[in-house]
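The sequence shown maps to residues 2 to 68 in this note's numbering. Glycine included, every Cβ here is placed at the ideal spot set by N, Cα and C. Data block below; observations after.
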Amino acid sequence: MGLGYTRKELGKLHRQFYEERLAQNTEEEAFLRALMSMIKATLDVIDANNRKLEEDLRSQYNLKLSE
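Right, dumping it as structure tokens:
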């Protein structure tokens, strides 16, 4: 007998949790929450791209200085 949940049991618990949460919220609240989540994810991607670009530019600049 295992101590934890099976993958199937965890899936059922996860689905039940979200169905209960959705029942407690109106559709408009759920939509706004999803929209905010999508906007945050988009901003996170933009931020990560900006950081990578900044690192690349700094490394190029340092390469030019060392020549």
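query                                                                                                    : result
So for Glu68, helix, strand or coil by DSSP?                                                             : coil
Mapping the DSSP letters down to three states, classify Thr43 as helix, strand or coil.                  : helix
Could you give the distance in angstroms between the alpha-carbon of Lys41 and the alpha-carbon of Thr7? : 32 Å
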